[in-house]
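Protein chains in written order, with the numbering used here: chain Z, 1 to 436; chain W, 1 to 278.
One structure is given here, and the rest of the page talks about it.
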Amino acid sequence: MTAGRAQEGRRLRDVLLGGGPLATHQGPYFGEFGGRFVPEALIAALDELETAYHKALADPAFSDELERLHRTYTGRPSPLTEVPRFARHVGDGVRVFLKREDLNHTGSHKINNVLGQALLVKRMGKKRVIAETGAGQHGVATATAAALLDLDCTIYMGEEDTQRQALNVARMQLLGATVVPVAIGSRTLKDAINEALRDWVANVDTTHYLLGTVTGPHPFPEMVRDFHKVIGDEARAQLLDETGRLPDAVAACVGGGSNAMGIFNAFLDDPDVRLFGFEAGGSGVDSGRHAARFSGGSPGVLQGTRSYLLQDEDGQTLPSHSVSAGLDYPSVGPEHAWLHDIGRAQYRPVTDDEAMDAFRVLCRTEGIIPAIESAHALAGAIQLGREAAAWSTDGHEPVLLVNLSGRGDKDVATAAAWFGLIEDEPVVKADEGEQL
Amino acid sequence: MSTTQVRSRTGERLEALAAGESPRAALVGYLPVGFPSVPGSARAARTMVEAGVDVVELGMPYSDPVMDGPVIQRAVDRALAQGTRVRDTLRVVEEIADAGAPVLVMTYWNLVLRYGVDAYARDLAAAGGAGLITPDLVPDEAGQWLAAADEHALDRVFLVAPSSTPERLASTVGASRGFVYAASTMGVTGERATVGDRAEQLVADTRAAGAERVCVGLGVSRPEQAAQVAAYADGVIVGSALVRALLDAPDESAGLDALAATAAGLADGVRSAQRVPR
Chain Z
1 MTAGRAQEGR
11 RLRDVLLGGG
21 PLATHQGPYF
31 GEFGGRFVPE
41 ALIAALDELE
51 TAYHKALADP
61 AFSDELERLH
71 RTYTGRPSPL
81 TEVPRFARHV
91 GDGVRVFLKR
101 EDLNHTGSHK
111 INNVLGQALL
121 VKRMGKKRVI
131 AETGAGQHGV
141 ATATAAALLD
151 LDCTIYMGEE
161 DTQRQALNVA
171 RMQLLGATVV
181 PVAIGSRTLK
191 DAINEALRDW
201 VANVDTTHYL
211 LGTVTGPHPF
221 PEMVRDFHKV
231 IGDEARAQLL
241 DETGRLPDAV
251 AACVGGGSNA
261 MGIFNAFLDD
271 PDVRLFGFEA
281 GGSGVDSGRH
291 AARFSGGSPG
301 VLQGTRSYLL
311 QDEDGQTLPS
321 HSVSAGLDYP
331 SVGPEHAWLH
341 DIGRAQYRPV
351 TDDEAMDAFR
361 VLCRTEGIIP
371 AIESAHALAG
381 AIQLGREAAA
391 WSTDGHEPVL
401 LVNLSGRGDK
411 DVATAAAWFG
421 LIEDEPVVKA
431 DEGEQL
Chain W
1 MSTTQVRSRT
11 GERLEALAAG
21 ESPRAALVGY
31 LPVGFPSVPG
41 SARAARTMVE
51 AGVDVVELGM
61 PYSDPVMDGP
71 VIQRAVDRAL
81 AQGTRVRDTL
91 RVVEEIADAG
101 APVLVMTYWN
111 LVLRYGVDAY
121 ARDLAAAGGA
131 GLITPDLVPD
141 EAGQWLAAAD
151 EHALDRVFLV
161 APSSTPERLA
171 STVGASRGFV
181 YAASTMGVTG
191 ERATVGDRAE
201 QLVADTRAAG
211 AERVCVGLGV
221 SRPEQAAQVA
231 AYADGVIVGS
241 ALVRALLDAP
251 DESAGLDALA
261 ATAAGLADGV
271 RSAQRVPR
């Protein structure tokens with residue numbers, strides 16, 4: 001650590017928070033971001049949720065139960081894997097460690113938050129959960145927790161996404177959930193959230209909206225971060241154990257931003273640990289086809305919170321684009337917006353091409369098929385390799401921690417088509433073949 | 001309501017109706033700007049005023065209308081696809097300001113934030129608008145708007161819902177000017193077979209929290225429902241039924257005829273109400 005950086009970090013903290021730690025910052029506001037921009041009809045439910053959550057935090061029985069589920073059901077702690085063959089693509093002498101959230105039950109970090117909220121639902125005495133999903137990961141995780149804890153479950157999914165991710169639709173249905181395709185607006189994640197909000201307003205007495213990321217109205221950003229902070233807490237201890245030091249940098253992909261907040265949180269108050277979030281740059285930020293809220297967006301209000309978002313001159317939400325459905329969202333969690341503005345974390349775009357290249361590199365060098373979302377963090381790591389040599393001032397090998405937030409089983413068809421291993425639309429081609 | 005002495009255009013209209021020879025509730029009619037076209041929406045607003053609507057609620061089309069059901073979503077989607085802009089709303093307000101009814105703009109908050117809260121208030125007032133209805137802005141987040149509305153003498157219509165606690169009813173009433181919008185049911189806009197039975201109680205509770213005027217919306221679509229609500233509320237807010245008249249018509253002219261008929265029926269309903277003495 002350089003004395004200057006540490007001092008600057010402490011100064012920043014003193015100015016912003018009167019010396020309080022960043023890691024335990026509570027909502028509703030993160031600087032000028034966050035809040036509750038929702039219909040009055042939902043305020044009582046958000047208050048109820050906040051109260052239930054704070055009560056649960058103070059009750060050891062709640063954390064014991066969640067910890068037991070994570071140990072016996074999720075498969076926590078997830079391993080930390082050093083990936084030396086991948087690291088050669090990052091830079092000479094750089095050590096790269098992956099936090100293996102891909103090995104959790106249901107295949108991603110999403111289960112951390114889902115189990116936490118589902119236990120809260122039981123405490124609040126509600127019988128039904130609803131959720132939005134883009135790629136289907138959060139929907140599958142929610143359907144899983146609903147099956148485990150005997151809750152009715154309805155998942156809203158953009159019609160276009162139900163077609164892109166037909167396999168995940170079937171998984172949710174197998175788990176007993178009702179999947180509702182949303183055929184309004186852009187027919188993607190944002191529209192699924194609108195529809196879930198409409199359902200919630202109408203059924204709030206019996207229903208909990210199990211929001212899947214660190215966005216939305218207070219208390220969701222704070223609560224979902226807290227349910228994911230186990231990622232960073234584990235990784236920090238594992239890395240200290242393995243290397244005897246903290247990482248020089250942490251990299252994560254950022255859609256709504258839950259896996260990134262989960263791993264960042266443990267390092268927020270270590271000013272010498274650099275934090276990097278990688279957004280979906282799509283076809284390139286200049287192309288207009290991307291989901292890079294920080295490079296290509298501006299502050300505004302969407303779906304309950306004030307943060308950075310993709311919007312036109314009038315404030316209408318602009319469509320986002322990414323090869324990865326999980327990063328294909330026009331806004332981002334308010335805590336990220338705050339970390340961006342105070343300079344504690346940096347956010348950079350990664351294009352579809354860069355992400356898919358990194359996807360292939362990890363497959364070939366380490367025998368790990370990552371989710372395309374997580375491949376954005378891997379591509380970011382490769383970008384960071386260029387500057388990694390400058391991180392070390394005492395001669396140690398630079399250490400880079402990457403959150404591998406999910407596994408790529410769901411993406412095999414997309415990746416196979418991308419790399420030309422199969423035809424674009426295999427089902428249609430097969431049908432044509434039969435006609436011949 | 002607000003302790004600041006700002007004249008409320010909507011409030012004055014509601015009071016005049018309540019104090020007239022045959023006292024009655026107001027009919028508040030919603031239509032989105034830009035549907036069937038920008039000029040068409042101005043003609044539609046005029047048509048419904050001529051047919052008996054007392055207060056106009058003009059919706060600013062928004063890409064993510066979470067408080068709206070399918071009918072209004074469809075109309076708004078069409079308006080946006082045709083390129084309707086925020087400044088078109090101000091133009092339509094200006095065009096219908098002399099139609100004989102106060103004009104409130106219903107808007108999701110990001111559109112105003114993006115325009116600039118003070119700039120929007122200034123331009124809305126200059127166009128002759130009476131104020132704003134803000135479905136996704138609660139008073140807790142409305143500091144800038146409260147100040148701008150005072151500065152430019154605009155009404156601030158906030159919503160209360162059957163789930164609102166007595167404390168929230170009181171703070172929402174305190175922040176509102178013009179009237180308080182009582183959501184008849186837990187849900188989004190749309191036509192329903194019955195108006196929520198919690199509506200009458202909510203109106204009573206909102207009055208008990210200090211509201212001078214409470215109008216009821218969500219799910220009111222038929223003359224007999226309007227009459228039922230007009231018996232206990234200061235105003236009846238109708239949206240989807242009016243929008244559907246335009247949506248279902250083959251062309252604008254047929255749409256305006258259907259709209260006039262729907263609005264006239266609702267106006268008769270409001271006028272036929274047996275008012276519950278307060």
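We put the beta carbon where it would ideally sit given N, CA and C, even for glycine.
Item to check | Proximity test, Cβ basis, 9 angstroms: Z:G35 and chain W | outcome: On the first sequence, position 35 is the one that residue 35 of chain Z refers to. True, the Cβ-Cβ gap to chain W drops below 9 angstroms.
Next on the checklist: Can you check whether the C-beta of Z:P398 is within less than 9 angstroms of a C-beta belonging to chain W?
Outcome noted: Translated into positions along the first sequence, residue 398 of chain Z becomes position 398. With 9 angstroms as the cut-off, Z:P398 does not count as an interface residue toward chain W.
Checklist entry - Are the CB atoms of Z:T351 and Z:G282 nearer to each other than 9 angstroms? => result Residue 351 of chain Z sits at position 351 when you count from the first residue of the first sequence. Residue 282 of chain Z sits at position 282 when you count from the first residue of the first sequence. Their beta carbons are under 9 angstroms apart, which means Z:T351 touches Z:G282 by this criterion.
Checklist entry - Cβ of Z:K479 within 9 angstroms of Cβ of Z:L401? => result Coverage of chain Z is limited to positions 1 through 436, which leaves residue 479 of chain Z absent and any answer about it impossible.
Checklist entry - Rounded to whole angstroms, how far is the Cβ of Z:L246 from the Cβ of Z:F264, which I believe are closer than 8 angstroms? => result Counting from one through the first sequence, the residue named residue 246 of chain Z turns up at place 246. Counting from one through the first sequence, the residue named residue 264 of chain Z turns up at place 264. Rounded, the Cβ-Cβ distance is 13 angstroms, inconsistent with contact.
Next on the checklist: When you compare the CB positions of Z:I155 and Z:V114, do they come within less than 9 angstroms of one another, or not?
Outcome noted: The residue given as residue 155 of chain Z occupies position 155 in the first sequence. The residue given as residue 114 of chain Z occupies position 114 in the first sequence. Cβ atoms of Z:I155 and Z:V114: not closer than 9 angstroms.
Item to check | Residues bridged to W:S22 [DSSP beta-bridge criterion] | outcome: In the second sequence, the residue the question calls residue 22 of chain W occupies position 22. DSSP lists no partner for W:S22.
Next on the checklist: For Z:A3 and Z:L239, what's the separation of their Cα atoms in angstroms?
Outcome noted: On the first sequence, position 3 is the one that residue 3 of chain Z refers to. On the first sequence, position 239 is the one that residue 239 of chain Z refers to. Unreliable placement is indicated for Z:A3, whose pLDDT of 46 sits below 50; the coordinate value is still reported in the next sentence. Each residue's Cα considered, the two are about 22 angstroms apart.
Checklist entry - Assuming Z:Q165 contacts Z:A196 under a Cβ cut-off of 8 angstroms, what Cβ separation, rounded to an integer in Å, is found between them? => result Translated into positions along the first sequence, residue 165 of chain Z becomes position 165. Translated into positions along the first sequence, residue 196 of chain Z becomes position 196. Contact doesn't hold; Cβ gap of about 17 angstroms is too wide.
Next on the checklist: Beta-carbon within less than 6 angstroms of Z:E432's beta-carbon, same chain only, minus the 5 sequence neighbours each way: which residues are those?
Outcome noted: In the first sequence, residue 432 of chain Z corresponds to position 432, counting from 1. Note that Z:E432 scores a pLDDT of 32, beneath 50, so its modelled location is shaky; the value from the coordinates is reported in the next line. Closer than 6 angstroms at Cβ, skipping near neighbours: no residue.
Checklist entry - W:A161 versus chain Z: which residues are under 9 angstroms apart at the beta carbon? => result If you number the second sequence from 1, residue 161 of chain W lands on position 161. Per Cβ cutoff of 9 angstroms: P39, E40, A41, L42, I43, A44 and V201.
Checklist entry - So is W:S22 buried or exposed if we call it buried at 16+ other beta carbons inside 10 Å? => result As a first step, residue 22 of chain W is located in the second sequence; it is residue number 22 there, counting from the start. Answer is exposed; the Cβ neighbour count stays below 16.
Checklist entry - Rounded to whole angstroms, how far is the Cβ of W:L169 from the Cβ of W:T206, which I believe are closer than 8 angstroms? => result Taking the first residue of the second sequence as 1, we reach residue 169 of chain W at position 169. Taking the first residue of the second sequence as 1, we reach residue 206 of chain W at position 206. The pair is a contact, with the Cβ atoms about 6 angstroms apart (cut-off 8 angstroms).
Checklist entry - In three-state terms, what does DSSP make of Z:G27? => result Against the first sequence, residue 27 of chain Z aligns to sequence position 27. Three-state result, Z:G27: coil.
Checklist entry - Which of helix, strand or coil does DSSP assign to Z:D437? => result Since the first and last residues shown for chain Z are 1 and 436, residue 437 of chain Z lies out of range.
Item to check | Option nearest Z:D269 by Cα separation, candidates Z:S307, Z:A345 and Z:H208 | outcome: As a working mapping, residue 269 of chain Z is identified with position 269 in the first sequence. When each option's Cα is compared against that of Z:D269, the closest is Z:A345.
Item to check | Within chain Z, the residues that W:W145 reaches when beta carbons sit closer than 9 angstroms | outcome: Sequence index remark: in the second sequence, residue 145 of chain W carries index 145 (1-based). Correct list: empty, because the minimum Cβ distance to chain Z is about 12 angstroms.
Checklist entry - Helix or strand or just coil, what does DSSP make of Z:E32? => result Along the first sequence, one-based indexing puts residue 32 of chain Z at 32. Looking at Z:E32 - three-state DSSP - the assignment turns out to be coil, as it is neither helix nor strand.
Checklist entry - Any Cβ of chain W within less than 9 angstroms of the Cβ of Z:V301? => result Residue mapping note: residue 301 of chain Z aligns to position 301 of the first sequence, counting from 1. Yes - at least one Cβ of chain W is within 9 angstroms of the one on Z:V301.
Next on the checklist: Which residues of the region 18-46 of chain W have a Cβ closer than 8 angstroms to any Cβ of chain Z? Give them in chain order.
Outcome noted: none
Checklist entry - At a Cβ cut of 7 angstroms, what residues of the region 178-189 of chain W count as close to chain Z, listed as they run along the chain? => result A183, M186, G187 and V188
Item to check | Contacts of W:P135 in chain Z (Cβ-Cβ under 8 angstroms) | outcome: In the second sequence, residue 135 of chain W corresponds to position 135, counting from 1. Chain Z residues near W:P135: P39.
Checklist entry - How do the region 109-124 of chain Z and the region 80-94 of chain Z stand: do at least 3 beta-carbon pairs fall below 8 angstroms, yes or no? => result Here the region 109-124 of chain Z makes no contact with the region 80-94 of chain Z; the two share fewer than three CB pairs at distances below 8 angstroms.
Checklist entry - Taking Cβ to Cβ, would you say W:V203 is nearer than 9 angstroms to W:Q228? => result Counting from one through the second sequence, the residue named residue 203 of chain W turns up at place 203. Counting from one through the second sequence, the residue named residue 228 of chain W turns up at place 228. For W:V203 and W:Q228, no; Cβs fall outside 9 angstroms.
Next on the checklist: Please confirm whether W:S2 has its beta-carbon closer than 9 angstroms to some beta-carbon of chain Z.
Outcome noted: Taking the first residue of the second sequence as 1, we reach residue 2 of chain W at position 2. For W:S2, the pLDDT reaches just 46, beneath the cut-off of 50, and the residue's location in the model is therefore unreliable, although a value from the coordinates is still provided. Chain Z contact via Cβ: absent.
Next on the checklist: Taking the alpha carbon of Z:E242 as the reference point, which residue from Z:G35, Z:A381 and Z:V96 has its own alpha carbon closest?
Outcome noted: Numbered from 1 along the first sequence, position 242 holds the residue referred to as residue 242 of chain Z. Selected option, being the one with the closest Cα: Z:V96.
Item to check | Where the alpha helix (DSSP H) through Z:F86 begins and ends | outcome: Counting from one through the first sequence, the residue named residue 86 of chain Z turns up at place 86. Judged by DSSP secondary structure, Z:F86 falls within the alpha helix (DSSP H) whose first and last residues are P84 to A87.
Checklist entry - Can you name the start and end residues of the beta strand (DSSP E) that Z:D152 belongs to? => result In the first sequence, the residue the question calls residue 152 of chain Z occupies position 152. From DSSP, the beta strand (DSSP E) with Z:D152 extends over D152 to G158.
Next on the checklist: Suppose you measure from the CA of W:I96 to the CA of W:E57; what does that come to, to the nearest Å?
Outcome noted: For the purposes of this step, residue 96 of chain W is taken as the residue at position 96 of the second sequence. For the purposes of this step, residue 57 of chain W is taken as the residue at position 57 of the second sequence. Answer to the nearest angstrom: the Cα atoms are 11 angstroms apart.
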